[in-house]
Amino acid sequence: MTEHQTLTREGTQTSHYLDTWWSRELIGLPLALWRLGLGPLTGRVWMVVSTRGRSTGLSRHVAVYPHVLGDRTYLWSPYGSRSQWYRNIVANPVATVQWRGGTQVVRAVPLEDEAEAMEVVWALRRFGASWFGLYLASQGLHDTDEDIAANWQRLHLRRLEPTREKGPTPLTPDLAWVWLVPASGLLFRWFVREHGA
3 MTEHQTLTRE GTQTSHYLDT WWSRELIGLP LALWRLGLGP LTGRVWMVVS TRGRSTGLSR
63 HVAVYPHVLG DRTYLWSPYG SRSQWYRNIV ANPVATVQWR GGTQVVRAVP LEDEAEAMEV
123 VWALRRFGAS WFGLYLASQG LHDTDEDIAA NWQRLHLRRL EPTREKGPTP LTPDLAWVWL
183 VPASGLLFRW FVREHGA
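Using the numbering used here, the first residue of the sequence shown is number 3, and each one after it goes up by one.
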């Protein structure tokens with residue numbers, strides 16, 4: 003059985019904190035801001051990951067918080083295999099990322115060994131111990147080094163490596179025109195004030 007088939011059958015139950023309406027809205031906010039043309043602002047923290055849809059082959063976009071350890075960048079899926087972007091990256095690991103370093107095509111590869119996995123786990127605990135603990139519980143794992151070390155291949159982690167392959171189409175600021183509406187209103191008010199009605 004391939005890893006993709008395993009993920010499709012997994013039926014991960016995730017934590018309730020990720021399934022609330024406000025949590026889903028907050029998770030979508032960085033992507034909306036990027037589409038509004040605020041990529042340089044949101045790209046300081048969030049990474050836009052463009053994947054190829056498993057069935058359509060079309061570009062799909064998501065904002066993900068990247069974890070940097072030394073010269074390596076990792077992605078973690080707190081939803082487990084319920085995340086469509088994670089399923090897409092397992093099916094086709096070539097992705098386009100947009101971040102503070104610009105736009106780059108990468109290959110999202112599984113971690114090499116237990117030592118690398120534990121290094122990322124320790125970073126995730128520092129990042130958000132309670133969130134990571136809830137994630138582990140949703141996967142049926144205990145938040146102990148022993149249990150994680152024995153099951154590190156079940157963690158939803160990927161390391162990003164640069165590649166020369168052709169990646170999915172990156173996200174464009176297709177809603178940047180929205181700024182014209184308030185700008186036009188302000189310009190109109192200024193014109194009326196300066197020239198009288």
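Quick reminder that beta carbons are idealized off the backbone N, C-alpha and C, glycines included. These numbers come from a predicted model, not from an experiment.
Q.
For a minimum of 3 consecutive residues, which ranges assigned as the beta strand (DSSP E) are wholly contained in the stretch 51-137?
A. 61-66, 69-71, 74-78, 96-101, 104-111
Q: Please state whether DSSP places Leu143 in a helix, a strand or coil.
A: coil
Q: Round the Cβ separation of Leu162 and Val64 to the nearest angstrom and send it over; I've been treating them as touching at under 8 Å.
A: Actually they do not touch by this definition, with Cβ atoms about 14 Å apart.
Q) CB-CB under 6 Å to His69, same chain, minus the five flanking residues each way: which ones, in chain order? A) Tyr76, Ala125
**Q.** Tyr81 versus His158: straight-line alpha-carbon distance, rounded
**A.** 9 Å
(Q) I need the DSSP call for Pro164, collapsed to helix, strand or coil. (A) strand
Q) Looking only at DSSP bridge pairs, what is Leu159 linked to? A) Trp78
Q: List the whole-angstrom C-beta distance separating Thr165 from Arg109, where the pair is believed to meet the contact cut-off of C-beta under 8 Å.
A: 4 Å
Q | Cβ-Cβ distance between Val123 and Ile150 below 9 Å | A | yes
(Q) Taking 9 Å as the threshold (C-beta atoms), are Lys168 and Val111 in contact? (A) no
**Q.** Best match in Leu33, Tyr137, Phe129 for proximity to Leu1 [C-alpha to C-alpha]
**A.** Nothing can be reported for residue 1, as the shown portion of the chain is limited to 3 through 199.
Q | Pair within 9 Å by beta-carbon distance, Met120 and Asp145 | A | no
Q) Going by other Cβ atoms of all chains shown within 10 Å of its Cβ, with 16 needed for buried, is Arg195 buried or exposed? A) exposed
Q. So Trp36 packs on Pro175, CB below 8 Å; how close in whole Å?
A. 7 Å
(Q) As a quick exercise: from Gly104, Asn94, Trp133, pick the residue whose alpha carbon is nearest that of Thr44. (A) Gly104
Q | Selection from His197, Asp115, Arg56, Ser83 that minimises the alpha carbon distance to Trp154 | A | Asp115
Q. CB Ser57 to CB Pro170, shorter than 9 Å?
A. no
Q: Hey, could you find the ends of the alpha helix (DSSP H) Pro42 is sitting in?
A: 41-44
**Q.** Whether Leu143 touches Arg127 by CB criterion (9 Å)
**A.** no
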